[in-house]
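J.:
In this note's numbering, the protein residues as written are 1091 to 1175.
1. With a threshold of 8 Å on Cβ separation, who are the neighbours of residue 1099 within its own chain once the five nearest residues in sequence on each side are excluded?
2. Can you list the alpha helix (DSSP H) stretches of 4 or more residues lying completely in the region 1106-1143, in chain order?
3. Using the three-state DSSP reduction, which class does residue 1097 fall into: helix, strand or coil?
4. In the DSSP assignment, the alpha helix (DSSP H) including residue 1102 goes from what residue to what residue?
5. To which residues of the same chain is residue 1107 closer than 8 Å at the C-beta, ignoring the five residues directly before and after it?
6. Do you know offhand how far residue 1140's Cα is from residue 1166's?
7. Would residue 1115 and residue 1154 be called neighbours here (beta carbons separated by less than 9 Å)?
8. Assign residue 1149 to one of three DSSP states: helix, strand, or coil.
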């Protein structure tokens, strides 16, 4: 059984399409073990805590709607950490 981890904001690239709240809600609805959030300011940490405390599980159609929005930006530009150098 492998550990499933997810970069919640995809190095902030998902923020082109979704809000931080939407990204966190979507990831917390998935069967993951670890969610990785980056923060460069104390305010970003506070925002993450606020979103996590208010979390309510997404309905399947809500999760699908968010996934559909991200499909427009999927690929090498979004997942640049997967590129071979």
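A virtual CB, placed ideally from N, CA and C, is assigned to each residue, including glycine.
T.: Taking the definition as stated:
1. In the chain shown, residue 1099 corresponds to position 9, counting from 1. Counting only Cβ-Cβ distances below 8 Å, and skipping sequence neighbours, we find 1105, 1110, 1113, 1127 and 1128.
2. 1110-1118 and 1132-1143
3. Walking along the chain shown from the start, residue 1097 turns up at place 7. Reduced to three states, the DSSP call for residue 1097 is strand.
4. Mapped onto the chain shown, residue 1102 falls at position 12. Note, residue 1102: premise wrong, no alpha helix (DSSP H); not H, not E.
5. The count along the chain shown starts at 1 and reaches residue 1107 at position 17. Around residue 1107: 1159, 1160, 1162 and 1163.
6. The residue given as residue 1140 occupies position 50 in the chain shown. The residue given as residue 1166 occupies position 76 in the chain shown. Approximately 31 Å between the Cα atoms of the pair.
7. Working through the chain shown from its first residue, we reach residue 1115 at position 25. Working through the chain shown from its first residue, we reach residue 1154 at position 64. Contact: no.
8. Numbered from 1 along the chain shown, position 59 holds the residue referred to as residue 1149. Of the three classes helix, strand and coil, the one that applies to residue 1149 here is coil, per DSSP.
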